[in-house]
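Going by full-length UniProt numbering, the first residue of the sequence shown is number 1, and it counts up by one from there.
The structure appears below as structure tokens.
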Amino acid sequence: MSLRQKLLLVALCTLALPIAGWLYVRQMETLLRQGQEQALTATATAVARSLAVTDVPLPQPGSGWYVQQAVNPINVDGYGEDWAPMTPWSQSIGKNGKLLLAEDDNGFYIYVDVRAPRRTRADAGDPNAQSADHLTLDLVQGSQHRRYLIASAAPGAFTALTLDPAAGDLPDRMVGQWQEDGSGYRVELRLPRGLGLSALGVGIYTAVNGGDPLATEMRPLWRYSPDLAQELARMAPEDTRARLVAPAGWLLAQSGRLTTSGTQPGWLSSVIYRSLLANPLEEAELWTADAPRLDLPEIQSARNGQPNTVWRQGEERDSVVLATAVPVERNGTVVGVLLLEQASRAVPLLANRAFFSLLMTSFGVMLVAGAILLLFATRLSLRLGRLRDAVERAQLNDGRLDGQMIQSHFPMAESDDEIGDLARSFQKLFEAVGGYTDYLRTLASKLSHELNTPLAIVKSSLDNLEHAELSAEAQPYLARARDGVARLGTLVRAMSEASRMERAIAAAEPEDVDLIDVVRGCADAYRPLAGARRLECVLPQQAVHLHGAPELVAQALDKLFDNALSFTPADGWLRLSLRAVDDAAEIELANQGPPLPAAMQGRLFDSLVSLRDKATPGDAPHLGLGLYVVRLVAERHGGVASARNLEDGSGVAFTLRLHGMPRQRLAG
1 MSLRQKLLLV ALCTLALPIA GWLYVRQMET LLRQGQEQAL TATATAVARS
51 LAVTDVPLPQ PGSGWYVQQA VNPINVDGYG EDWAPMTPWS QSIGKNGKLL
101 LAEDDNGFYI YVDVRAPRRT RADAGDPNAQ SADHLTLDLV QGSQHRRYLI
151 ASAAPGAFTA LTLDPAAGDL PDRMVGQWQE DGSGYRVELR LPRGLGLSAL
201 GVGIYTAVNG GDPLATEMRP LWRYSPDLAQ ELARMAPEDT RARLVAPAGW
251 LLAQSGRLTT SGTQPGWLSS VIYRSLLANP LEEAELWTAD APRLDLPEIQ
301 SARNGQPNTV WRQGEERDSV VLATAVPVER NGTVVGVLLL EQASRAVPLL
351 ANRAFFSLLM TSFGVMLVAG AILLLFATRL SLRLGRLRDA VERAQLNDGR
401 LDGQMIQSHF PMAESDDEIG DLARSFQKLF EAVGGYTDYL RTLASKLSHE
451 LNTPLAIVKS SLDNLEHAEL SAEAQPYLAR ARDGVARLGT LVRAMSEASR
501 MERAIAAAEP EDVDLIDVVR GCADAYRPLA GARRLECVLP QQAVHLHGAP
551 ELVAQALDKL FDNALSFTPA DGWLRLSLRA VDDAAEIELA NQGPPLPAAM
601 QGRLFDSLVS LRDKATPGDA PHLGLGLYVV RLVAERHGGV ASARNLEDGS
651 GVAFTLRLHG MPRQRLAG
């Protein structure tokens, strides 16, 4: 966490007072809501009990068939276009049937849609009609009922077969339409409106599934009742909307409308209330839908005997609606659910405007204090950021320190505060580290110069000893001494060679070259040296041009190949690839072998650093100068050298990213 964030966190602690006031106002608003909920629930319970003890026609317990009010004229043709507005509220019959019931001034309509891809057809008068696909319809009129068989061997008009003797005013014959398609069949018929049906039984029989051919699902008929709506309007309080629904959610009666009182609040007060003070509100879509059936979780809770309340958004702007659902019980059984809704403006729900004003005032004061602390933290973090950037710029790409920048341009070294003390401490530290680094960088050349003379003396002394008479026991010691001198001489020459290599790389002349030719030539030269190892060369299709020294690039690849070859197993693989990346070229040499130690990945390209095992007697020592030369070549071409472990852990990859050497201007 940054210093600015920490100071901001401290500033936020000062918000405890307005937060406490905000929580207090929310708690008071919650208590006010609870009081309104209890009052409206008590009113709804009283209305529900009044409905239960009166003689109003409440639905009987259990399921029923709901009769919708037709919204447009229905033409009995066996097609469902006229039923489209009522289709979302179709009722299921068994596993494969849908039932729609409707009525208007012209009659009572029945529409049945049966899904049956495989059908057995027969007319109602056929002796085998009861074993074919058919419908069984029971009409109940008070204590009288009559059963009909509906079947058809082909689409078109049909006449239902009467299975029972005449009863009351129930019709002797019924005519309708039967239509089919590949998924099933549809049956539509119309009955006279004045029959006064109290219940209806519908049964679907398919020859494929079998069963009782005359079985029906008998249910009472439910419909919207104007008489029940008038009784509900008499009992419900003013300025409320009351709805009585069956336990399944079918609308039986409705009265009243939602009205809001009080002045309309301003937009700012409304936004603050809804975003900071008001508890979450439910969506109003399910409650305001003009539908014959309401599918609400509150109805499901009420039909189980548990009253429930909900706050939802109002139809008018800046209003909320409190709704409650209570069960209507008769003889201990829930026969319906009463929904009571009451609307009010949002802002009057605030418990006390004085608390709201105090909350806003204290919140504004805390914002000012927080802004001051934030500005102070921003200035402090910017100063620390400048110091951090200066520390990062003090180190060059090759590991050296920029002495000129440390001595003359180190920021905030003249400041009198603690940050100035820290800057001066960094400056002193970098001066000491820079001097020590320069000493270490020139140590190899100094040692090579100082060791040449003692080595010459020791070598000449050993040469003189060869002419002296030595015993046979002394000869092995003389050979070991000469071998040690030779190895020490190799070390001195290698250190001298590193110094000469730095000067040679710095003096190299650049030219325009296609790196594909350089990499291909190196790969062809490496294949005989790889032996049984597999060497793959991956080159791009288009030329990769670079302004640089091709002999230096080849020399760097020689060092990388020599290093990779020493770690690759005898039956392993190597892969040399070239690719153009943005404004640079990347040469990568990957090889199978052990992964790089995590502690050495940042030091591989330093001088006198090696991952190889110590040389055995008779082998040339490894000084770790090869990768150092690779780094010098990459930096001479404005790039960088890097190493990484392969993602699958099978080996390592060394990458040279080259941007090119600067072009020299010709003198005028």
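From the three backbone atoms N, C-alpha and C, an ideal C-beta is built for every residue, glycine too.
Only a predicted model underlies this, so the values are computations on that prediction, with no experimental measurement involved.
Asked: Could you give the distance in angstroms between the alpha-carbon of Ile93 and the alpha-carbon of Ile204?; Found: 8 Å
Asked: Using beta carbons (cut-off 8 Å, strictly below), is Gly196 in contact with chain D?; Found: The chain inventory of the structure shown lacks chain D, comprising one protein chain alone.
Asked: Val140: buried (16+ other C-beta within 10 angstroms of its C-beta) or exposed?; Found: buried
Asked: Express the C-alpha separation of Arg33 and Ser198 in angstroms, rounding to a whole number.; Found: 43 Å
Asked: Below 8 Å on the Cβ atoms is my contact criterion, and I expect Trp222 with Val67 to pass it. Report the Cβ-Cβ distance as a whole number of Å.; Found: 7 Å
Asked: Would you report the Cα separation of Ala248 and Thr288, rounded to the nearest angstrom?; Found: 18 Å
Asked: Could you spell out where the beta strand (DSSP E) holding Glu180 opens and where it closes?; Found: 175-181
Asked: Here's the rule I'm using: 16 or more other beta-carbon atoms within 10 Å means buried, otherwise exposed. How should Arg303 be labelled?; Found: buried
Asked: Give every residue of the same chain whose Cβ lies closer than 6 Å to the Cβ of Leu339, excluding the five residues on either side of it in the sequence, and list them in chain order.; Found: Arg243, Ala325
Asked: Excluding five sequence neighbours on each side, which residues of the same chain lie with their C-beta closer than 8 Å to the C-beta of Leu539?; Found: Ile516, Val519, Arg520, Ser577, Leu578
Asked: Compare the Cα-Cα distances from Arg257 to each of Pro662, Ala236, Ser131, Glu285 and report the closest residue.; Found: Ala236
Asked: If I follow the unbroken alpha helix (DSSP H) through Ser92, where does it start and stop?; Found: Where Ser92 is concerned, there is no enclosing alpha helix (DSSP H), although the beta strand (DSSP E) it sits in stretches over 91-93.
Asked: Can you tell me the Cα-Cα spacing of Gln27 and Ala116, whole angstroms?; Found: 59 Å
Asked: Taking the CB atoms as reference points, tell me whether Leu455 and Leu488 lie closer together than 8 Å.; Found: yes
Asked: Helix, strand or coil for Tyr436 per DSSP?; Found: helix
Asked: Whose C-beta lies closer than 7 Å to the C-beta of Val485 among residues of the same chain, with five residues either side of it excluded?; Found: Leu455, Val458, Lys459, Leu462
Asked: Name the residue from Met218, Thr120, Tyr224, Pro127 whose alpha carbon lies nearest to the alpha carbon of Tyr185.; Found: Thr120
Asked: Does Arg663 pass the burial test, meaning 16 or more other C-beta atoms within 10 Å, or should it be called exposed?; Found: exposed
Asked: Under 8 Å, do Asp113 and Gly97 count as touching if we go by C-beta distance?; Found: yes
Asked: Could you tell me the distance, in whole angstroms, from the CA atom of Ala508 to the CA atom of Ala377?; Found: 51 Å
Asked: Expressed to the nearest angstrom, what Euclidean distance is found between the alpha-carbon atoms of Leu191 and Tyr111?; Found: 12 Å
Asked: With distances taken Cα to Cα, identify the nearest neighbour of Gly64 among Arg118, Val208, Met218.; Found: Met218
Asked: So what's Thr45 in DSSP terms, helix, strand or just coil?; Found: helix
Asked: Is the stretch 14-27 in contact with the stretch 296-314, if contact means three or more CB pairs nearer than 8 Å?; Found: no
Asked: How long is the line joining the alpha carbons of Ala523 and Ser381, rounded to whole angstroms?; Found: 52 Å
Asked: Assuming Gly201 contacts Asp138 (C-beta within less than 8 Å), just tell me the rounded distance between them.; Found: 3 Å
Asked: Considering only DSSP beta bridges, list what Pro327 is partnered with.; Found: Val337
Asked: Leu137 by DSSP, collapsed to three states: which one?; Found: strand
Asked: Can you tell me where the alpha helix (DSSP H) holding Glu103 begins and where it ends?; Found: Counting along the chain, Glu103 falls outside any alpha helix (DSSP H), though it belongs to the beta strand (DSSP E) covering 97-104.
Asked: Need the endpoints of the beta strand (DSSP E) that Gly227 sits in, please.; Found: Looking at the sequence itself, residue 227 is Asp, so the reference to Gly does not match. First-last for Asp227: 226-235, but that is the alpha helix (DSSP H), not the beta strand (DSSP E).
Asked: Which value, in whole angstroms, describes the spacing of the CA atoms of Gly572 and Val544?; Found: 29 Å
Asked: Mind checking who residue 669 pairs with in its DSSP beta bridge?; Found: Given that the chain is displayed from residue 1 to residue 668, the structure contains no residue 669 and the question cannot be resolved.
Asked: In angstroms with no decimal places, state the Cα-to-Cα distance between Gln5 and Met412.; Found: 23 Å
Asked: Who are the Cβ neighbours of Gly649 in its own chain at under 8 Å, not counting the five residues just before and after it?; Found: Pro595
Asked: Sorted by chain position, which residues of the same chain lie with C-beta nearer than 6 Å to Val629's C-beta, five sequence neighbours on each side aside?; Found: Met501, Lys559
Asked: At which residues does the alpha helix (DSSP H) containing Gln542 begin and terminate?; Found: Here Gln542 belongs to no alpha helix (DSSP H), and DSSP marks it neither H nor E.
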